[in-house]
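Reviewing the structure listed below.
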Amino acid sequence: MRAACCVGPLRSRKGTSPLASVDLNSDLGEGYGAYACGDDAAILGIVTSANVACGLHAGDPEIMARTFTLAKERGVAVGAHPGFPDLWGFGRRPMPFTPPEIERLVAYQVGAAQALAAYAGHRITYVKAHGALANLAAEDRAVADAIAKAVRAVDRDLALLAIALTAQVAAGEACGLEVHQEIFADRGYTDAGLLIPRNQPGALITEADAAAERVLRMVEGGAILTASGKALPTPIRSICVHGDSAHAVATARAVRARLEGAGVTLAPFRS
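Residue 294 in our numbering sits at position 131 of the sequence shown, with consecutive numbering throughout.
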């Protein structure tokens with residue numbers, strides 16, 4: 164079993180320990196055909212890793228190839244971003260698949276990402292589940308195991324980018340995968356460490372500077388900050404800014420500037 168790769172608390176303001184690097188990622192390639200979603204070109208000039216949709220919740224071969232090509236040109240690491248086959252719902256609706264079916268759906272999408280990345284001259288190095296699939300895997304160990312098993316079956320050298328403090332972490336480690344934990348810059352957290360559902364108050368953080376300051380506090384403190392003010396200690400290896408929102412570019416830019424201004428180095432968790 165591989166040990167999880169993590170970054171502990173950072174104390175730049177107090178000067179009690181040296182700062183390590185942290186990754187900044189975004190979910191990209193989420194258009195479909197003639198329909199655009201987000202400003203991927205701008206985001207790829209800011210982030211250090213890109214999670215690329217694999218064609219089921221969003222994306223298609225043309226978009227995937229373009230995204231991988233631009234990511235390579237910008238020196239951005241890339242990963243597969245598999246989700247439920249739900250174009251209408253953008254992969255944000257739970258769907259009644261069994262764990263074995265989920266395993267094959269994820270394997271199918273990881274294979275597609277590997278093929279299009281190779282076509283573009285790039286290489287995926289990790290997998291991160293999308294939307295409703297990721298949220299289910301955060302709480303349901305059977306779903307988390309299905310995702311981890313699919314990754315291992317396709318390529319055991321791929322890492323798993325997991326939502327911090329969830330079943331995804333344990334599932335990835337049990338499969339012997341290299342696991343990296345992520346937090347979200349633009350989402351609120353419950354006291355259980357889960358994301359607040361998007362239809363509830365406090366779910367979305369839309370003010371770029373507020374998101375950036377909150378991220379810095381979490382990275383420096385090595386803890387998730389919940390909506391009620393609790394701090395849940397966790398290793399933090401990557402920070403996600405969702406690429407489909409209207410404030411994505413501003414938030415990503417503010418987060419990067421805030422971290423770098425505090426002396427934190429931004430770098431892919433896997434090159």
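All residues carry an ideal CB built from backbone N, CA and C; glycine is no exception.
All of these numbers come straight from a predicted model, not from anything done at the bench.
The beta carbon of residue 232 is closer than 6 angstroms to those of 283 in its chain, skipping five residues each way along the sequence. Looking at the DSSP output, residue 205 bridges to nothing. Between residue 386 and residue 396, the C-beta spacing is below 8 angstroms. In this chain, residue 332 is not harboured by any beta strand (DSSP E); it is covered by the alpha helix (DSSP H) spanning 330 to 337. Boundaries of the alpha helix (DSSP H) around residue 231: 224 to 237. Judged by DSSP secondary structure, residue 277 falls within the alpha helix (DSSP H) whose first and last residues are 262 to 282. Judged by DSSP secondary structure, residue 242 falls within the beta strand (DSSP E) whose first and last residues are 240 to 244. In the three-state reduction of the DSSP assignment, residue 190 falls in the strand class. The Cβ atoms of residue 359 and residue 334 do not sit closer than 8 angstroms to each other. Residue 288: member of the beta strand (DSSP E) spanning 287 to 290, first to last residue. DSSP places residue 214 in the strand class (E or B) of the three-state scheme. DSSP places residue 345 within a strand segment (E or B) once states are collapsed to three.
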